[in-house]
Amino acid sequence: MPLELFTIPCLADNYAYVLHNAATGKTALVDAPEVEPIASFLGHRGFELDDILVTHHHHDHIDGVDALRVKSNARVIGAEIDAHRLPALDLAVSDDDTFEVCGETCHVIFVPGHSSGHIAFHLPESGYLFSADSLMAFGCGRLFEGTPAEMWNSLKRLRALPPETVVCSGHEYTATNAKFALTIEPGHPAVKARADAVFAARERGEPTVPSILGDEVATNPYLRADDEALKSAIGMPLATDEEVFAEVRKRKDNF
Numbered sequence: 006m007p008l009e010l011f012t013i014p015c016l017a018d019n020y021a022y023v024l025h026n027a028a029t030g031k032t033a034l035v036d037a038p039e040v041e042p043i044a045s046f047l048g049h050r051g052f053e054l055d056d057i058l059v060t061h062h063h064h065d066h067i068d069g070v071d072a073l074r075v076k077s078n079a080r081v082i083g084a085e086i087d088a089h090r091l092p093a094l095d096l097a098v099s100d101d102d103t104f105e106v107c108g109e110t111c112h113v114i115f116v117p118g119h120s121s122g123h124i125a126f127h128l129p130e131s132g133y134l135f136s137a138d139s140l141m142a143f144g145c146g147r148l149f150e151g152t153p154a155e156m157w158n159s160l161k162r163l164r165a166l167p168p169e170t171v172v173c174s175g176h177e178y179t180a181t182n183a184k185f186a187l188t189i190e191p192g193h194p195a196v197k198a199r200a201d202a203v204f205a206a207r208e209r210g211e212p213t214v215p216s217i218l219g220d221e222v223a224t225n226p227y228l229r230a231d232d233e234a235l236k237s238a239i240g241m242p243l244a245t246d247e248e249v250f251a252e253v254r255k256r257k258d259n260f
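For the sequence shown, the residue numbers in my numbering are 6 to 260.
Take a look at the structure:
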């Protein structure tokens, strides 16, 4: 059975994620944008944190780490390459490292682009990917510190995971991402169908994350920079994959 997964809305549009092993009582948190909603959820459920996993150094992913650590004495896990700008780490990890969380093996994937030290966490047994601001629902994060080539390579690594993987990204940006995707391929039936579903979910006040990797592969323009149909749609049929990705990302930045 997969670990229980809970999505915790934080701040204006962030998400944190709680993992829980019902058999052992072990609990982990992925990212900590703020304390109150996470602490409230844990208290209501009677969960005590064993681990806090950190994807990258931006304040809206780490501001609650220290206070939650004090409450629970949880182990804090993050990227060794970014240890100088993360909360103090109890376990510093690098690309392809593995460690145990809630009784399962967690794989570390280095995904620079949004930030130079961004990592993702993959739990293949439960089928969860915590991608934060690298791969996002219908999108990807802005390139604050990385290059288009770095982000494209990062996204290709994530795209290669099993299509049923549950993608737990960091923000409720999906409706805006969907509107942008429609400007790239307004006639693409799968893109339009998914966009309509996203808009309907937001009208009902429902979250649009997590998402399913297979849906991202089929509709997310940033995962399809090597798709000949997308290249033609943006007028770059002879461009390299990296050039197409860079163009799509630039258009979104100006959207």
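Idealized CB from N, CA, C, for every residue including glycine.
| Asked | Found |
| --- | --- |
| Among I86, Y22 and E221, nearest to P117 - alpha-carbon criterion | I86 |
| Unbroken beta strand (DSSP E) run spanning D56, endpoints | D56 to L58 |
| Where E109 sits in the DSSP three-state scheme | strand |
| First and last residue of the uninterrupted beta strand (DSSP E) at G83 | R80 to A84 |
| Delimiting residues of the alpha helix (DSSP H) encompassing P194 | P194 to E208 |
| Segments of 4+ residues assigned as alpha helix (DSSP H) that fall wholly inside the stretch 32 to 73 | 41 to 50 and 64 to 67 |
| Residue nearest to E130 in terms of C-alpha spacing, selected from K257, K255 and M6 | M6 |
| Nearest to F46 (by Cα), restricted to the options H25, D65 and H61 | H25 |
| Proximity below 9 angstroms, CB of F143 to CB of A79 | no |
| Whole-angstrom C-beta distance between E221 and V172, which should lie under 8 angstroms | 6 angstroms |
| Nearest to G192 (by Cα), restricted to the options A238, L73, I114 and E248 | A238 |
| Endpoints, alpha helix (DSSP H) assigned at V23 | Unbroken run through V23 is the beta strand (DSSP E), N19 to H25; no alpha helix (DSSP H). |
| Enclosing beta strand (DSSP E) for V98 [first to last residue] | L96 to V98 |
| Of the residues A84, L54, T103 and E248, the one placed nearest N158, counting alpha carbons only | E248 |
| Cβ neighbours of F204 in the same chain (closer than 8 angstroms, five flanking residues each side left out) | A180 and A183 |
| Span separating the alpha-carbon of S139 from that of Y22 | 16 angstroms |
| Within 9 angstroms, strictly: CB atoms of H66 and A93 | no |
| Burial state of R209, where buried means 16 or more other Cβ atoms lie within 10 Å | exposed |
| Contacts around K236, its chain only, beta-carbon distance under 7 angstroms, and the 5 residues preceding and following it disregarded | P242, A244 and V249 |
| Cβ-Cβ separation, H119 to L148 (assumed contact under 8 angstroms), whole Å | 7 angstroms |
| V196 beta carbon less than 9 angstroms from that of T224 | yes |
| Top-ranked residue by Cα proximity to T103, from L166, N19 and H112 | H112 |
| Short Cβ contact (9 angstroms threshold) for S136 with G175 | yes |
| 6 angstroms Cβ shell around P215 - same chain, five flanking residues per side excluded | V171, V172 and C173 |
| Cβ neighbour criterion (16 or more within 10 Å) applied to N259 | exposed |
| Those residues which DSSP pairs with I124 across a bridge | F115 |
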